[in-house]
Amino acid sequence: MLTWKPEFDTGVEEVDHDHKRLAEGLNKLEELLNSGKGSESIPAVLAFLERYANEHFAREEACMHRMQCPTAAANVAAHAQFRQTFAAAKAKLEKPGASALIAHRVHGELVDWIKNHIMKIDMGLRR
Ligand SMILES: [Fe+2]
Numbered sequence: 016m017l018t019w020k021p022e023f024d025t026g027v028e029e030v031d032h033d034h035k036r037l038a039e040g041l042n043k044l045e046e047l048l049n050s051g052k053g054s055e056s057i058p059a060v061l062a063f064l065e066r067y068a069n070e071h072f073a074r075e076e077a078c079m080h081r082m083q084c085p086t087a088a089a090n091v092a093a094h095a096q097f098r099q100t101f102a103a104a105k106a107k108l109e110k111p112g113a114s115a116l117i118a119h120r121v122h123g124e125l126v127d128w129i130k131n132h133i134m135k136i137d138m139g140l141r142r
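In my numbering, each number is its position in the sequence shown, counted from 1, plus 15.
Written out as structure tokens, the structure reads:
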């Protein structure tokens, strides 16, 4: 469960709003993984996360560029890396018969990635 904490706020409203929606999507995914049922909804949640992450990345990269943020270039590179991480996670989660253990590990990796990314790169927006 990714519980939002004030320390995750960058202070840029549109970015923080997007991050909260991404956290909600990851929590929804966790809920579905935990329920054991409703697994037919998992691809829809993954599709939402993928689409929303890409829309968010575009907004955030434009914002960093506009603000001449010191972490702007690192952010673009990290987002490219996330797309690969996410594609690998999605493939594992959508594989028929994926074990609950793998599903939770993959979910945990996504949550850790986002938390680390916000704290190390996106915080470049905080001034
Ligand atoms: Fe970012």
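Using N, Cα and C, we set each Cβ at its ideal position, and we do this for glycine too.
{"Query": "Closest Cα partner of Ala95 within the set Glu22, His71, Val121", "Result": "His71"}
{"Query": "From Ile117, Leu108, Ala92, residue whose alpha carbon lies closest to that of Asp137", "Result": "Ala92"}
{"Query": "Neighbourhood of Leu41 by C-beta distance below 8 Å, restricted to the same chain and skipping five residues each side", "Result": "Leu17, Leu64, His122, Leu125, Val126, Ile129"}
{"Query": "Contact set for Leu108: own chain, Cβ-Cβ below 7 Å, skip 5 residues either direction", "Result": "Ile57, Leu61, Ala118, Val121"}
{"Query": "Collapsed DSSP secondary structure at Gly112 in the structure displayed", "Result": "coil"}
{"Query": "Contact test: His80 Cβ vs ligand 1 heavy atom, cutoff 7 Å", "Result": "no"}
{"Query": "Residue range of the unbroken alpha helix (DSSP H) whose run includes Cys78", "Result": "57-81"}
{"Query": "The alpha helix (DSSP H) enclosing Arg36, as first and last residue numbers", "Result": "28-50"}
{"Query": "Residues near Arg74 by beta carbon distance below 8 Å, same chain, minus five either side", "Result": "Glu29, Val30, Asp33"}
{"Query": "Inter-residue spacing [alpha-carbon to alpha-carbon] between Ala103 and Lys110", "Result": "11 Å"}
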